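> Last residue of the sequence shown: 294 (the working numbering), numbering continuous.
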Amino acid sequence: MVIKISEKFPCILAKNVEYTYSSGSLALKDINLSIFKGELVAIMGKNGAGKTTLIRTFNGLIQPSKGNVLINGIKTDSKTIAELSKNVGIIFQNPMHQLFSNTIEEEIKFSLKNLDLSDEEIQTRTNDILKNFNLEKYRKRSPLNLSGGETKKLAIASIFCRNPDILVFDEPTLGQDAREIVFFTNLIKRELDKGKTIVIVTHNIEFAMQHVPRIILMADGRIIADGPTRSVLNKEFLAEKTSLILPQITLFKRAMQESGIQSQDVIHSKTEMITFLKNFIKNNETKIKEEN
Ligand code: ADP
């Protein structure tokens with residue numbers, strides 16, 4: 003009998019997860035969560051909400067004090083971190099903590115070490131990934147001598163070369179310029195097309211609004227909202243609770259309303275707002291002409 007795993011298979015499942023640091027700090031409280039294969043999800047919330055602790059449970063860096071985390075249906079406490087990292091690649095906020103080698107080429111090779119690949123395969127994968135990330139010219143350079151953006155690229159490349167099916171990014175857009183954000187956005191789109199699951203921890207509300215369909219909102223170690231981005235990020239009480247600044251479009255709509263201009267609830271993007279404003283101006287011009 004062939005068991006078909008449905009597309010709606012939770013590749014990350016957290017059941018009643020609690021975590022207390024040895025200092026006594028209760029960082030995760032009753033976390034229940036399903037993230038499905040192929041999804042793009044953002045975890046948001048203010049500093050100290052538990053976001054980093056939560057993503058660390060996905061590759062076994064942290065084992066829950068209570069409850070379970072299952073990756074592709076298997077409990078994380080039944081696997082080693084090395085085994086789990088074949089499935090879950092986490093790109094941490096500070097890339098320097100992730101890089102150990104003397105050269106960029108060695109960094110990629112080090113990352114490919116425990117995957118049971120031949121020397122030839124390691125070299126081919128290294129060449130491919132350096133090319134894909136435009137890092138070929140820096141092959142022999144030390145990771146210490148890269149710009150901030152390039153270091154972040156190398157950190158991503160050193161995880162991508164392992165080809166994990168779940169990718170987790172901690173604050174990927176932090177300190178990135180507009181071009182680097184476009185590079186990152188294209189990168190995650192390509193990975194989604196390949197069927198990867200992507201989780202992004204971010205404070206970047208405009209990025210989330212534009213690119214991420216689902217938001218998990220955390221406060222004080224708990225998940226306080228989980229749903230479609232447009233609905234979660236437009237709720238003022240949630241924004242207040244998590245110190246998030248509402249999206250610019252929402253603030254603009256509110257300002258228009260205060261000036262007596264009723265915009266529609268369906269406006270969530272810049273393009274939708276521009277269309278609305280163009281029509282609004284056109285209608286008003288017609289009205290003025292008719293009145294004269
Ligand atoms: P976030 O990523 O949302 O900023 P964290 O997961 O880093 O939140 O932190 C959640 C809580 O756990 C905070 O109260 C924080 O102070 C505490 N915490 C985080 N890391 C440690 C640690 N290594 N030891 C003790 N407490 C920690």
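C-beta atoms are modelled at their ideal positions from N, C-alpha and C, and glycine is treated no differently.
Just so we're clear, the structure is a prediction, and the values are computed from it rather than from any experiment.
Counting only the same chain and skipping the five closest in sequence on each side, list residues whose C-beta sits under 8 Å from that of I263.
Closer than 8 Å at Cβ, skipping near neighbours: F282.
> Sort out for me which residues DSSP pairs L297 with in a bridge.
For residue 297 there is no data in the structure shown, the boundaries of the chain being 3 and 294.
> Below 8 Å on the Cβ atoms is my guess for M275 versus I251; work out the distance and round it to an integer in Å.
Yes, M275 and I251 are in contact; Cβ-Cβ is about 6 Å, under 8 Å.
> Ordered along the chain, which non-local residues of its own chain (more than five positions away) have a Cβ less than 7 Å from that of K53?
Cβ neighbours of K53 beyond the five flanking positions: I45, G47, V203, M220.
> Judging by CA-CA distance, which residue of N89, K111, N74 is the nearest neighbour of T128?
Comparing Cα-Cα distances from T128 to each of N89, K111, N74, the minimum goes to K111.
> Tell me which residue opens and which closes the alpha helix (DSSP H) that D130 is part of.
That run of the alpha helix (DSSP H) goes 121-134.
> Given G150, which residues of its chain have a CB within under 7 Å of its CB, disregarding the five upstream and five downstream residues?
Closer than 7 Å at the Cβ level, and outside the excluded window around G150, lie G177.
> Where are the beta strand (DSSP E) runs, 3 residues long or more, that stay fully inside the region 177-211, in chain order?
With a minimum length of 3 residues, the continuous beta strand (DSSP E) runs that stay inside the region 177-211 are 199-203.
> Using 8 Å as the threshold, is the C-beta distance between L15 and L72 below it?
Cβ distance < 8 Å, so L15 and L72 count as in contact.
> Alpha carbon to alpha carbon, how far is L189 from G40? Give it in angstroms, no decimals.
The straight-line gap from Cα to Cα measures roughly 14 Å.
> What are the start and end residues of the beta strand (DSSP E) that includes V1?
The structure shown has nothing for residue 1, since the chain only spans 3 to 294.
> Three or more C-beta pairs closer than 8 Å, one from the region 19-32 and one from the region 50-69: is that the case here?
At 8 Å Cβ cutoff, the stretches touch.
> Measuring alpha carbon to alpha carbon, tell me which of V214, D121, D172 ends up nearest S157.
Contrary to the premise, residue 157 reads as Ala rather than Ser in this sequence. Taking only the C-alpha atoms, the option nearest A157 is D172.
> Since L28 sits in a beta bridge, which residues does DSSP pair it with?
Answer is T22, bridged to L28.
> Could you tell me if F186 is buried or exposed, where buried requires 16 or more neighbouring beta carbons within 10 angstroms of its beta carbon?
Buried, because 16 or more other Cβ atoms sit within 10 Å of the Cβ of F186.
> Between S8 and the rest of its own chain, which residues show a CB-CB distance below 7 Å, the 5 nearest in sequence each way excluded?
Summary for S8: the model assigns pLDDT 47, below 50, so the residue's position carries little reliability, and this model does not support an answer.
> Is it buried or exposed, A210, if we count other Cβ atoms within 10 angstroms and call 16 or more buried?
Per the 10 Å Cβ criterion, buried.
> Thinking C-alpha only, which one of I218, N165, D179 is nearest R192?
The option with the nearest alpha carbon to R192 is N165.
> Nearest to R232 by CA position, among E208, N104, S245, T244, is which residue?
The residue with the shortest Cα to Cα distance from R232 is E208.
> Could you check whether the Cβ of A29 sits closer than 7 Å to any heavy atom belonging to the ligand ADP?
Within the cutoff, so yes.
> According to the Cβ coordinates, are I1 and V234 closer than 8 Å?
There is simply no residue 1 to check, as the chain begins at 3 and stops at 294 in what is shown.
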